[in-house]
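Engineer: Quick note on numbering: the sequence shown equals residues 18 to 974 in the numbering used here.
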Amino acid sequence: MPEQKRLFLVDAYALIFRGYYAFIKNPRINSKGLDTSAIMGFMNSLLDVIKRERPDHLAVCFDKGGSTDRVEMFEAYKANRDATPEAIKIAIPYIQDILKAMHIPIMVKDGYEADDVIGTLSKQAEKEGYKTFMVTPDKDFAQLVSENIFMYRPVFGGGYETWGIPEVKAKFEVENPLQVIDFLGMMGDSSDNIPGLPGVGEKTAKKLLAEYGSMENLLANTHELKGKMRENIEANKELGILSKKLATIMLDVPVVFHAKDFELDQPDLPKVTEIFMELEFRQLLANFEKTFSVEVETPSSTNHTENASSEGAKTPAAGKTSEAQKGHAGAGQFSLFGADITSAEAPTEHTFLRKTADTTSHFYQSVASGMATTLFVKNLMKQNSVCFDTETTSINPLTAQLVGIAFSWEAGKGFYLPFPENQDEAQKLIEQLRPFFENEAIEKIGQNLKYDIKVLAKYNIQVTGKLFDTMLAHYLINPDMRHNMDVLAETYLNYSPISIEQLIGKKGKNQQTMRDVPLEAQTEYAVEDADITLQLKQHFEKELGEANTQKLFDDIEIPLLRVLAAMELEGINLDEKFLNSLSGQLESDIKALETRIYAEAGETFNIASPKQLGDILFDKLKLIDKPKKTKTGQYATGEEILSYLAKDHAIIQHILDYRGLSKLKSTYVDALPTQVEPSTGRVHTDYMQTVAATGRLSSNNPNLQNIPIRTERGRQVRKAFIPRNEDYVLLAADYSQIELRIIAALSEEENMINAFKNGEDIHASTASKVFNVPLEKVTREQRSNAKTVNFGIIYGVSAFGLSNQTDLSRSESKELIDTYYATYPKLRNYINEQIGFARENGYVQTVLGRRRYLNDINSRNAVVRGAAERNAVNAPIQGSAADIIKIAMIRIYEKLQSGNFKSKMLLQVHDELVFDVYKPELETIKILVKTEMEKAYTLEVPLVVDLGVGNDWLEAH
């Protein structure tokens, strides 16, 4: 049996920086004054790997332009990094020239990090039977380790260590290398500016992983946590999910592993020698000779072009790039060796290139004004289905101006209608398109149509007729994947679209707008988007049917798109004066706490400094005997540790209060006024339909779903949200215990169903049954414990978890859970049936057929499998609740529209809807809202909605 071949993938920048800092105290400066430390350090490492391992295949992977996707997700990603040292900037071209001369492929893809390139190639090579060694000291790569993928880590003092699955499991205390992603997401990464979960460090992350197995499972079970840890994590759930996404190495970079291209080959000796001599690397040249077992002739001059094809300097096909590849790379796309390699040799038959506008036959045409536009519109009106895409001056639809609109109704063809900068003229032009946009018979297709609808609404254009949004379609087909157009095009069409950064530059003060781009480039970019989206629609139509989600798409997600667009355009009024006043009160509270803390400490210090705080608490006050320390050697003062000590030490409770008020002030009270849109004077959140796999909506810019309500000061933030004017009031409508009602109905548990039907307090009813006491004799403590089990059972609460949340012992908790299941026997059956269904089908679904795919449901790892099993139970419940409130939103919106009411729906926050109600319409709206919400879906148990009215959100809630 042939020996398994080995591929080595080198993380270029990791080794370049490591090499540079290895010489930081004694930098290598040549006679020309050039700092060659980074080049020498990198080459020493590379030659060391080659000499030690003699790999069959090798490539070096670089970053280019940073991670576009991560920066889109989190603008501050890697924003705190120091500027790259000048010596490293100078080193890069030299290193790449050396690699080219050595015929070692340079793998790079614009907009992706080397981590992602290495991850993608590793997984591709693994499928082809290779052992892959990732040469990097970066711990993040541990998430990629598998039976055939290893980390090959340079160690301090010289040499390397290999991390396989056992080493990763031991290092991170996980059951599976994939849990490293959760570990990194929980604790964050200051070097990459990944926030993580507040108060969670390395030890806490390991502890939480050991108990919950994943970030998602932790966030689904926060009710099992205690004190500030629970409060912090519950308040930052979206931050946790975001951090995990940021820490996840992407495996779908458009690069391809072709074995022949990666074969380690004899270098171009004269060229390598020329570069080394220019850099004055005489000793390194000797090392190079030994490494490749060749005789190197030191030249007397630097002109060696005549020897470029000398015998022994074999140039493999892997070192050539065709003119077609050059064009591809020049457009910011992937090339084996980067964008600057030139060669006349055609690519070999196995060379893979994604399709691009440069390599694909297409007809994209801009439409001139006057008669050409008239004829175009006439042709447009003849179509049954058209894809359109707006190009604007801004990503903010409330302020964006139209630069142009692209149209496509046939694959490979499309038109671009440029808009004048003068807004009166632009309005005249859009009026010519009004018959198209407001034609009920023509289907409109787009990617993220909500944005286009909001932009057009500013021009008083309504988009009517059937809609097809490719982003929403893909979300229903594959909810756990990314849904941006570039990823979809590359995944489903094998096509790499033109990058927006190619046209307007990278984000920053020098970035242009689409208005600055030449018309020809605008046309290519915009029509390509419409064309590709049209082709994706044709692909996803079939898949929606195959996934049984067409009805969900047509009846829920697409109609909801219009509802959300209207809510976002409406916005909500903010009492900035009240927030300013509250900010002052919080400042006074914080100052008072500061004074008290200083008095208790016996001195002033920086309370926000973990080091200074730790020294005060544990060195000076000696509150405990053996305080924990962080890996940097300072005392640990995270939320989990302080929360545990708070009940015994007043100063610690005051510090926790100080932190809570400081965060409330900075994150909400002071931040919200800055998020008022100047053009409307209101706050306009963005609701995202494609983030949560359960179907729940997410809120962003600002996030109105995470406003804290557990503390009195936190609840006061809601007081800042007020009606439009004195003629309006706010109405809050909240589903009562909807998730418990859903689980009662789905499990067909009669005892629970009857309690709801009889209008009983479900927690008191449960307590009465499990503690075997009359309903009227149930104590407050018994009800509280029953409530904990009622809500916890959805998330698979354990005896340990219940014990942590109550005053019950572990044995008492186990007995309570056993009694609970005996009282509600069908609940246990339902849970088992859900897990069984998931194991057989690979997914579970909501009452409307929304699927949650569970890839780990049959995992051999008990922790990972357990998390999937809990998701199998709670996803249909959470998802069904999300589906039901979406139905209610759609129906209420339609009634408000058809009735020409002045009242508007403004916010959706979990199980609650908030309305701006015109006072003369109040009684009618109350009946309308309550009726539509309670009748949104028929269950075996009644849905109940609680209404509240007030002059601010807090009063209404």
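From the three backbone atoms N, C-alpha and C, an ideal C-beta is built for every residue, glycine too. Just so we're clear, the structure is a prediction, and the values are computed from it rather than from any experiment.
Residue 895 and residue 711 - do their beta-carbons sit closer together than 8 angstroms?
Structural biologist: As a position in the sequence shown, residue 711 is number 694, starting the count at 1. As a position in the sequence shown, residue 895 is number 878, starting the count at 1. Contact: yes.
Engineer: Contact between the region 851-871 and the region 559-576: three or more CB pairs below 8 angstroms?
Structural biologist: Output reads yes: the region 559-576 touches the region 851-871.
Engineer: Just the Cα atoms here: how many angstroms apart are residue 493 and residue 714?
Structural biologist: What you label residue 493 is simply residue 476 of the sequence shown in a count that begins at 1. What you label residue 714 is simply residue 697 of the sequence shown in a count that begins at 1. Approximately 14 angstroms, taken between the alpha carbons.
Engineer: Apart from the five residues on each side of it in sequence, which residues of its chain come closer than 6 angstroms, Cβ to Cβ, to residue 762?
Structural biologist: Position 745 of the sequence shown holds residue 762. Excluding sequence neighbours, residue 762 sits near 956, 957 and 958.
Engineer: For residue 8, which residues of its own chain have a beta-carbon under 6 angstroms away from its beta-carbon, when the five flanking residues on both sides are left out?
Structural biologist: Missing from the structure shown is residue 8; the chain here goes from 18 to 974 and no further.
Engineer: Report buried or exposed for residue 315, applying the criterion of at least 16 other Cβ atoms within 10 angstroms of its Cβ.
Structural biologist: Along the sequence shown, one-based indexing puts residue 315 at 298. Low per-residue confidence applies at residue 315: pLDDT is 40, beneath 50, and the placement is therefore not dependable, though the value from the model is reported in the following sentence. By the neighbour-count rule (16 or more Cβ atoms within 10 Å), residue 315 is not buried but exposed.
Engineer: In whole angstroms, what separates the C-alpha of residue 417 from that of residue 501?
Structural biologist: Taking the sequence shown and counting its residues from 1, one reaches residue 417 at position 400. Taking the sequence shown and counting its residues from 1, one reaches residue 501 at position 484. When rounded, the distance between both Cα atoms is 20 angstroms.
Engineer: Give a yes or no on contact between the region 140-148 and the region 257-277, applying the rule of three or more CB pairs nearer than 8 angstroms.
Structural biologist: Yes, since at least three Cβ pairs between the region 140-148 and the region 257-277 fall closer than 8 angstroms, the two stretches touch.
Engineer: Pick out whichever of 404, 617, 444 and 45 has its Cα sitting closest to the Cα of residue 469.
Structural biologist: Here residue 469 refers to the residue found at position 452 of the sequence shown. Measuring from the Cα of residue 469, the nearest candidate turns out to be 404.
Engineer: Going by alpha carbons, who is nearest to residue 449 out of 431, 460 and 477?
Structural biologist: Translated into the one-based positions of the sequence shown, residue 449 becomes position 432. Measuring from the Cα of residue 449, the nearest candidate turns out to be 477.
Engineer: Report yes if the C-beta distance between residue 84 and residue 38 is below 8 angstroms; otherwise report no.
Structural biologist: Here residue 84 refers to the residue found at position 67 when the sequence shown is read from its first residue. Here residue 38 refers to the residue found at position 21 when the sequence shown is read from its first residue. No, these two residues do not count as a Cβ contact at 8 angstroms.
Engineer: Starting from residue 931, follow the beta strand (DSSP E) in both directions and report where the run begins and ends.
Structural biologist: As a first step, residue 931 must be located in the sequence shown, where it is residue number 914. Where residue 931 is concerned, the enclosing beta strand (DSSP E) stretches over 929-935.
Engineer: Between which two residues does the beta strand (DSSP E) carrying residue 461 extend?
Structural biologist: For the purposes of this step, residue 461 is taken as the residue at position 444 of the sequence shown. Per DSSP, residue 461 belongs to the beta strand (DSSP E) from 460-463.
Engineer: Taking only runs that begin and end inside the region 165-203, name each unbroken alpha helix (DSSP H) of 4 or more residues, in chain order.
Structural biologist: Taking only runs of at least 4 residues, the alpha helix (DSSP H) segments lying wholly in the region 165-203 are 182-189.
Engineer: If you follow the alpha helix (DSSP H) that residue 378 is part of, which residue opens it and which one closes it?
Structural biologist: The sequence position of residue 378 within the sequence shown is 361, counting from 1. From DSSP, residue 378 is part of no alpha helix (DSSP H); its letter is neither H nor E.
Engineer: Do residue 757 and residue 779 have their C-beta atoms closer together than 8 angstroms?
Structural biologist: Mapped onto the sequence shown, residue 757 falls at position 740. Mapped onto the sequence shown, residue 779 falls at position 762. Yes; because the gap between Cβ atoms is below 8 angstroms, this pair is in contact.
Engineer: Return the CA-CA distance between residue 78 and residue 595, expressed in angstroms with no decimal places.
Structural biologist: Numbered from its first residue, the sequence shown carries residue 78 at position 61. Numbered from its first residue, the sequence shown carries residue 595 at position 578. For residue 78 and residue 595, the distance between alpha carbons rounds to 54 angstroms.
Engineer: Buried or exposed for residue 391, going by 16 or more other Cβ atoms inside 10 Å?
Structural biologist: Numbered from its first residue, the sequence shown carries residue 391 at position 374. Classification of residue 391: exposed, given that the 10 Å Cβ count is below 16.
Engineer: Quick check on DSSP: helix, strand or coil for residue 422?
Structural biologist: The count along the sequence shown starts at 1 and reaches residue 422 at position 405. Residue state, collapsed to three classes: strand.
Engineer: With H, G and I counted as helix, E and B as strand and the rest as coil, what does DSSP make of residue 869?
Structural biologist: Taking the first residue of the sequence shown as position 1, residue 869 is located at position 852. Reduced to three states, the DSSP call for residue 869 is strand.
Engineer: Cα separation between residue 261 and residue 163?
Structural biologist: Along the sequence shown, read from residue 1 onward, the residue named residue 261 stands at position 244. Along the sequence shown, read from residue 1 onward, the residue named residue 163 stands at position 146. Going by the C-alpha atoms only, they are around 20 angstroms apart.
Engineer: Would you mind working out which of 183, 793 and 783 sits nearest residue 802, comparing C-alpha positions?
Structural biologist: Here the question's residue 802 lines up with position 785 in the sequence shown. The option with the nearest alpha carbon to residue 802 is 783.
Engineer: Of all the options 211, 948 and 199, which has the alpha carbon lying nearest to the alpha carbon of residue 960?
Structural biologist: Here residue 960 refers to the residue found at position 943 of the sequence shown. Residue 948 is the option with its Cα nearest to residue 960.
Engineer: Given 8 angstroms as the limit, is there contact between the region 272-288 and the region 67-82, that is, 3 or more CB pairs closer than that?
Structural biologist: Yes: the two stretches touch, three or more of their Cβ pairs being nearer than 8 angstroms.
Engineer: Taking one C-beta from the region 424-434 and one from the region 379-387 each time, how about it: are there three or more such pairs within less than 8 angstroms?
Structural biologist: Cβ pair count under 8 angstroms is three or more, so yes.
Engineer: Rounding to the nearest angstrom, what Cα-Cα distance links residue 110 and residue 513 in this structure?
Structural biologist: Sequence index remark: in the sequence shown, residue 110 carries index 93 (1-based). Sequence index remark: in the sequence shown, residue 513 carries index 496 (1-based). Cα-Cα distance, rounded: 26 angstroms.
Engineer: Pop quiz: residue 506 and residue 406 are said to be a contact at Cβ under 8 angstroms. What is the actual Cβ separation, rounded to whole angstroms?
Structural biologist: Your numbering for residue 506 matches position 489 in the sequence shown. Your numbering for residue 406 matches position 389 in the sequence shown. At roughly 13 angstroms, the Cβ-Cβ gap does not stay under 8 angstroms, so residue 506 and residue 406 are not in contact.
Engineer: Under 6 angstroms Cβ to Cβ from residue 618, same chain only, skipping five residues before and after it: list those, please.
Structural biologist: The sequence position of residue 618 within the sequence shown is 601, counting from 1. So the qualifying residues of the chain are 633.
Engineer: Does the Cβ-Cβ distance between residue 898 and residue 760 come in under 8 angstroms?
Structural biologist: Residue numbering aside, residue 898 sits at position 881 when the sequence shown is read from its first letter. Residue numbering aside, residue 760 sits at position 743 when the sequence shown is read from its first letter. Contact: no.
Engineer: Assuming contact is defined by CB atoms lying nearer than 8 angstroms, are residue 273 and residue 134 in contact in what I supplied?
Structural biologist: Taking the sequence shown and counting its residues from 1, one reaches residue 273 at position 256. Taking the sequence shown and counting its residues from 1, one reaches residue 134 at position 117. No. Outside cutoff.
Engineer: Measure how close the beta-carbons of residue 606 and residue 737 come, nearest whole angstrom, since I'm counting them as under 8 angstroms.
Structural biologist: The residue labelled residue 606 in the question sits at position 589 within the sequence shown. The residue labelled residue 737 in the question sits at position 720 within the sequence shown. Incorrect: roughly 17 angstroms between the Cβ atoms, too far for contact.
Engineer: Buried or exposed: residue 642, going by 16 or more other Cβ atoms within 10 Å of its Cβ?
Structural biologist: Taking the first residue of the sequence shown as 1, we reach residue 642 at position 625. So residue 642 counts as exposed.
Engineer: Which residue marks the beginning of the beta strand (DSSP E) containing residue 435, and which one marks its end?
Structural biologist: As a working mapping, residue 435 is identified with position 418 in the sequence shown. Per DSSP, residue 435 belongs to the beta strand (DSSP E) from 430-435.
Engineer: Buried or exposed: where does residue 291 fall if 16 or more other Cβ atoms within 10 Å of its Cβ makes it buried?
Structural biologist: As a working mapping, residue 291 is identified with position 274 in the sequence shown. Under this definition residue 291 is a buried residue.
Engineer: Starting from residue 943, follow its DSSP beta bridges and name the residues at the other end.
Structural biologist: Within the sequence shown, residue 943 is the residue found at index 926, counting from 1. Looking at the DSSP assignment, residue 943 forms no beta bridge with any residue, so it has no partner.
Engineer: So what does DSSP say about residue 23, is it helix, strand or coil?
Structural biologist: To locate residue 23, count along the sequence shown from 1; it is residue 6. The answer is strand: DSSP assigns residue 23 an E or B state.
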